[in-house]
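Participant: Dumping the structure here so I can ask a few things about it.
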Amino acid sequence: MRETRPTVHVSFDGVEHEAFVGESVLECARRCGVTIPSLCFLEGLTVWGGCRICVVEVAEDHRLRPACATQVAADMEIKTETPRLRAYRKSILELLFAEGNHVCAVCVSNGNCELQDMAVFCGMDHVRYDSQAPPREVDSSHPKYVFDQNRCILCTRCVRVCDEIEGAHVWDISHRGEHAEVITELNRPWGESLSCTWCGKCVAVCPTGALSYQGRAIGEMEHDPAMIKRLAVARNRGEWLDPGVMT
Amino acid sequence: MSKTVTIDPVTRIEGHAKITIGLDEAGKVDTARFSVTEFRGFEEFCKGRLVWEMPSLTARTCGICPVSHLLASAKAGDVIMGLRIPPTAVKLRRLVNLGQIIQSHALSFFHLSSPDLLLGWDADPAVRNVFGLMGAEPELARRGIRLRSFGQSVIEAIAGRKVHSPGIVPGGIANPMTAETRDWMLVGLDAAQQTAEEALELFISMLGKFEREARAFGTFPSLHLGLANDAGTWENYDGHLRFVDSEGNVVADHIDVADYREYIGEASRHDSYLKSPYFKPLVEDSDDVFKGVYRVGPLARLNVCQTMGAARADEALQAYRETVGGTANSSFFYHYARLIEILASTELARDLLNDDAILDPMVRATAGINHRRAVGTSEAPRGTLFHEYQVDASGLLENVNMIIATGQNNLAMNETVLQIAQEWIDGHDIPEPVLNRVEAGIRAFDPCLSCSTHAIGKMPMEVSLLDHEGAELDGVRRG
Ligand code: SF4
Ligand code: SF4
Ligand code: FES
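Protein sequences appear in the order of chains A and B.
Residues in the first sequence are numbered consecutively from 0, following numbering that gives the first Met the number 0.
Residues in the second sequence are numbered consecutively from 0, following numbering that gives the first Met the number 0.
Below is the structure:
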């Protein structure tokens, strides 16, 4: 069946494409096969727009905008690859690496990490900032999972997936600025949480080694963020409901 | 006026060390001090981390013999989980340790020590290194390099799933062995064994030249510590602790590794980052930790066991015992013992590989945190290694203590340096060949002091003559 949604024309790096009204620049780019890197964005969850890896330039004012949180508009001229964008993305990654403890060689997610992949993709081969890496506690109190704050990049995927898909809302962000951190159960050890259902969705979507399964040695953690898209699509279609009950 | 000679840093050992020799007023060697000026305090660094991460953390922080740390740490992890790991996992861990012993001993003998043994202590330092060896004995040098690389391939196949992903984990081994891997290992073992036998033969044929070294390279009575088993065979992975004395009498036996603290004390010295472990019962209330000096490593292991548990190596052990007089007390024989261990490792590895159980895919057990304290040991190429962990209920490290082999030989290395200095130093200068002998005495222990391999033999070396107030009277630099 043909899509009947209204469309507008946009261009990515000079090439014209058709965009659906209301979709984001990132969604449109992905549909059209244009690569824009992203980190906090995850299909199936609400948009957070926090990491700024997905920045693009829009011709009218040359402002940088997060592709995941910017809606397409008619005749938008979007640039996805410019020296300026490359420099910004690199700096953002360097700041993320400098902020926490990202000694990949001893990380559970080494080799299976979106942050690491992003660094490779964006050509970030060294960090110009001094490493901050304040020692933060590892929470290993949950029988199935481990939360290592030192590797967290505050993408909030865990917060969103737990709230929006699982409906448990175990996770929150507390504090601000450099003190910001994700917490469980209003800042109680995860293992003492009464609302955690042990579903593991947060662990599946975490882009880094911050969330992992108990007992995993270095490099043994593999995440499955695509699972959330499958769940979200299925839920939108009501796939698991008894057809007789569907309205 | 008394003088102090400082050799700093020692070359062709792994890490940085400093030797200080004090002369008395008559110009005779009075004191000798071997100290380590660089050591990484990674015990602090591990606190708050998870027990599952410890094998890799410790292997990375002290990367000279990573397999030994992986094993000791994984074994401590097994204890924390309260696990008995699958039998095939034990076999694979043993196999990887044999690979480690082969590669590390090959490095020590062929790359680091044979330039002295074959080219002579007095040879020009510019050629007295592995490249000089290449020129003089190309076939031997090549075989040594191949032997080492074979040992490394064994390690890589078992311990390195891919780069940075160690296959030795608490609970067992991450990946089972494939038939293909077993097959190439079996093929490679023949050449490895042949090289070991030839090196042994060569070393024995040269022994006559080294009578003075055998007498003065750290020949003194001491205890010897190693892992032991009830069968009396050479043990390198499991078992209990055994101390024997300089005559081979068993001083303490069947010590559960978890109780090591009752027998081993650790003294810290102001001039060295290396702790000096000693045998507690012999020191008791006295201040003299030298009373409790013991040695670990190849020399000690061969003193601790009755047999090697391998046919060819046992023949070699018999000949060795005839030469050294039963129990070896000269540190010079570390080289000899090392070669016998390489030979035994090739034979024992073949036995493990010829057992079809080695291919069993059941190689990993899992469990949660069930114990708060654990001690893991392994026989590193350089000697017994201890990892002691204290964890909280969720498996986070609260306390870490490690005793490394080189530390345990610290007191013995001091004795060795003193003895060599007394034997060869005469007057107020130290000619290069004498310096080299002092270093070679240390090298016999194959110490792994921190993280760099100085295999080239012409590293910068500083010799200072200091008066009793610490002012430099004279200085020699090389490199
Ligand atoms: S989370 Fe990713 S980037 Fe950070 S240490 Fe682990 S592997 Fe490296
Ligand atoms: S724990 Fe993982 S998913 Fe949650 S905010 Fe941190 S990095 Fe993102
Ligand atoms: S992916 Fe767009 S801001 Fe993070």
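Here a beta-carbon is modelled for each residue, glycine too, at the ideal position from N, C-alpha and C.
These numbers come from a predicted model, not from an experiment.
Can you pull the chain A residues whose beta carbon is under 8 Å from the beta carbon of Arg48/B, in chain order?
Facilitator: Val137
Participant: Against Gly394/B, what residues of chain A qualify as contacts under a CB-to-CB distance less than 7 Å, listed in chain order?
Facilitator: In chain order: Ser139.
Participant: Identify each residue in the segment 357 to 381 of chain B for which the Cβ-Cβ distance to at least one residue of chain A is less than 9 Å, and report them in chain order.
Facilitator: Thr365, Ala366, Gly367, Ile368
Participant: Can we count Val107/A as close to ligand 2, meaning its CB is less than 7 Å from some heavy atom?
Facilitator: no
Participant: Measuring CA to CA, which of Ala71/B, Glu196/B, Gly47/B is closest to Val256/B?
Facilitator: Distance check between Val256/B and each of Ala71/B, Glu196/B, Gly47/B places Ala71/B closest, using alpha-carbon atoms only.
Participant: Can you name, in chain order, every residue of its own chain whose Cβ lies under 7 Å from the Cβ of Ser107/B, other than the five neighbours on each side?
Facilitator: Arg337, Asp445
Participant: Could you tell me which chain A residues have their CB closer than 7 Å to the CB of Val168/B, listed as they occur along the chain?
Facilitator: The contact set of Val168/B on chain A, defined by CB atoms closer than 7 Å, consists of Ala216 in chain order.
Participant: Find out if the Cβ-Cβ distance for the pair Gly308/B, Lys74/B is shorter than 8 Å.
Facilitator: no
Participant: Name, please, each residue of chain B whose Cβ falls closer than 7 Å to the Cβ of Gln70/A.
Facilitator: Under the 7 Å cutoff, chain B gives no residues; its nearest Cβ is about 42 Å from Gln70/A.
Participant: For a contact defined as C-beta to C-beta under 7 Å, what are the partners of Trp51/B on chain A?
Facilitator: Gly214, Arg215, Ala216
Participant: Out of curiosity, what's the CA-to-CA distance linking Arg442/B and Gly217/B?
Facilitator: 12 Å
Participant: Kindly say whether Val145/A, judged by its beta-carbon, lies nearer than 8 Å to any beta-carbon of chain B.
Facilitator: yes
Participant: Around the C-beta of Arg127/B, are 16 or more other C-beta atoms found within 10 angstroms, so that it is buried, or is it exposed?
Facilitator: Only buried fits Arg127/B, as 16 or more other CB atoms lie within 10 angstroms of its CB.
Participant: For Lys143/A and Ile144/B, what's the separation of their Cα atoms in angstroms?
Facilitator: Lys143/A and Ile144/B have their C-alpha atoms spaced approximately 46 Å apart.
Participant: Where DSSP assigns a beta bridge to Thr183/A, which residues make up the other side?
Facilitator: Trp170/A
Participant: Measuring CB to CB, does Arg363/B end up less than 8 Å from Ala190/B?
Facilitator: Contact flag unset, no.
Participant: Counting contacts by CB-CB distance shorter than 8 Å, is Pro133/A in contact with chain B?
Facilitator: No, because no Cβ of chain B sits closer than 8 Å to the Cβ of Pro133/A.
Participant: With DSSP collapsed to three states, give me the class of Ile217/A.
Facilitator: coil
Participant: Any beta-carbon of chain A closer than 8 Å to the one on Leu82/B?
Facilitator: no
Participant: In angstroms, rounded to a whole number, what distance separates the CA positions of Ile357/B and Arg93/B?
Facilitator: 11 Å
Participant: With a threshold of 16 other CB atoms inside 10 Å of the CB of Asp60/A, please say whether the residue is buried or exposed.
Facilitator: exposed
Participant: Please name the residues in the segment 79 to 104 of chain A whose beta-carbon is closer than 9 Å to at least one beta-carbon of chain E, in chain order.
Facilitator: No chain E is part of this structure, whose protein chains are labelled A and B.
Participant: Cβ of Pro247/A less than 8 Å from any chain B Cβ?
Facilitator: What the structure shows of chain A is the stretch from 0 to 246, and residue 247/A is not part of that stretch, so it cannot be assessed.
Participant: In or out: Ser285/B buried (at least 16 other Cβ within 10 Å) or exposed?
Facilitator: exposed
Participant: Just tell me which of Ala231/A, Phe19/A, Asp12/A has its CA closest to the CA of Thr6/A.
Facilitator: Phe19/A
Participant: Measuring from the CB of Cys201/A, is there a heavy atom of ligand 4 at a distance below 7 Å?
Facilitator: Absent from the structure shown: ligand 4. Ligands present: ligand 1, ligand 2 and ligand 3.
Participant: Taking the Cβ atom as the reference point for each residue, do Ile154/B and Gln192/B lie within a distance shorter than 8 Å?
Facilitator: no
Participant: Contact defined as beta carbons within less than 8 Å: I believe Ala373/B pairs with Tyr388/B. What is the distance between those atoms, to the nearest angstrom?
Facilitator: 5 Å
Participant: Would you call the CB atoms of Val158/A and Asp138/A closer than 8 Å?
Facilitator: no
Participant: Let me know the secondary structure DSSP gives His370/B once reduced to three states.
Facilitator: His370/B carries a coil assignment under DSSP once its states are collapsed to helix, strand and coil.
Participant: Thinking just about the alpha-carbon of each residue, which of Ser67/B, Thr19/B, Glu43/B, Leu118/B is nearest to the one in Phe33/B?
Facilitator: Thr19/B
Participant: If contact is defined by three or more beta carbon pairs under 8 Å, each pair taking one atom from either stretch, is the segment 184 to 196 of chain A in contact with the segment 75 to 88 of chain A?
Facilitator: no
Participant: Check the DSSP bridge columns for Ala18/A and list the partner residues they point to.
Facilitator: Looking at the DSSP assignment, Ala18/A forms a beta bridge with Val7/A.
Participant: Determine the direct distance from the alpha carbon of Thr57/B to that of Ile217/A, and round the result to whole angstroms.
Facilitator: 12 Å
Participant: Thinking Leu347/B and Leu132/B are a contact (beta carbons under 8 Å), I'd like their distance in whole angstroms, please.
Facilitator: A Cβ-Cβ distance of about 28 Å is found for the pair Leu347/B and Leu132/B, leaving them out of contact under the 8 Å criterion.
Participant: Output yes if chain A places a C-beta closer than 8 Å to the C-beta of Pro165/B; else output no.
Facilitator: yes
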